[in-house]
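Mapped onto my numbering, the consecutive letters of the sequence shown carry residue numbers 6 to 176.
Since the structure comes first, as structure tokens, the remarks are kept for the end.
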Amino acid sequence: MAKTSRDAARHIREWSEFFHDAHVVADAVVEEFIKRHRKNKYLRQSLRRFITNGIVQRKEGKFSVTPKGFIYLLKRLRNTVHTKKWDGKWRLVSFDVPVRSDEKRQQLRYFLKRFGFHQLQKSVYVCPSHMSEEFWKLIVEYDLEGYCKVMLVEIIEGDEELRRIFKLPQA
6 MAKTSRDAAR
16 HIREWSEFFH
26 DAHVVADAVV
36 EEFIKRHRKN
46 KYLRQSLRRF
56 ITNGIVQRKE
66 GKFSVTPKGF
76 IYLLKRLRNT
86 VHTKKWDGKW
96 RLVSFDVPVR
106 SDEKRQQLRY
116 FLKRFGFHQL
126 QKSVYVCPSH
136 MSEEFWKLIV
146 EYDLEGYCKV
156 MLVEIIEGDE
166 ELRRIFKLPQ
176 A
């Protein structure tokens, strides 16, 4: 039976979910995952593509997600913004990245937007959701933690617009 684009998309989704749950996985676990799959030839092919494209790497008997792969998985799974009930507190991230590190500033802005933050001012982003462990892993992975200050705020004057943007109940 020929492989369709729908099959390919399903295999990519399966690998994305697999590596999202565990960022470092032993060869044996990967082999067991492939073995249990109906179309293991194509699943193996999708894994090779992940390696070729730099999404995962294989070293010392383990598969691990690369920084590029981490971003890919976040985009792919689109589950970065939590939908838990709002606790009434805002999470603010303020940052000051030197001009010589413009690439880091761009990365930080990208991550903040990706994780559901809204730009409040040029270097201040806000979000009502708890900051996920994945967000912090990325910040540390890209050496951005030294540029950030995080605040937990109960009151933002004139937050009606933010409540509308985040679809929260008005005060």
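In this text, a Cβ means the ideal position worked out from N, Cα and C, and glycines have one as well.
- It is roughly 11 Å from the alpha-carbon of Ile-56 to the alpha-carbon of Lys-73.
- In terms of Cα proximity to Gln-126, the closest of Ala-33, Leu-167, Met-136 is Leu-167.
- Distances from the CA of Leu-48 to each of Leu-143, Val-30, Pro-103, Ala-14 were compared; the closest alpha carbon is that of Ala-14.
- Assignment of Gln-111 by DSSP, reduced to helix, strand and coil, places it in the helix class.
- Per DSSP, Gln-50 is one residue of the alpha helix (DSSP H) stretching across 45-57.
- Residue burial is scored here from C-beta neighbours: Ile-160 has fewer than 16 other C-beta atoms within 10 angstroms and is therefore classed as exposed.
- Here Phe-75 carries a helix assignment [DSSP, helix/strand/coil].
- When the Cα atoms are used, Val-29 and Ser-69 turn out to be separated by approximately 4 Å.
- Under the Cβ criterion (8 Å, minimum of three pairs), the segment 92-105 counts as touching the segment 132-151.
- Counting only the Cα atoms, Val-35 lies some 31 Å from Gln-112.
- Going by DSSP, Lys-154 is part of no alpha helix (DSSP H) but of the beta strand (DSSP E) stretching over 153-158.
- Taking all protein chains in view, the Cβ of Val-145 is surrounded by fewer than 16 other Cβ atoms within 10 Å, so the residue is classified as exposed.
- Assignment of Phe-23 by DSSP, reduced to helix, strand and coil, places it in the helix class.
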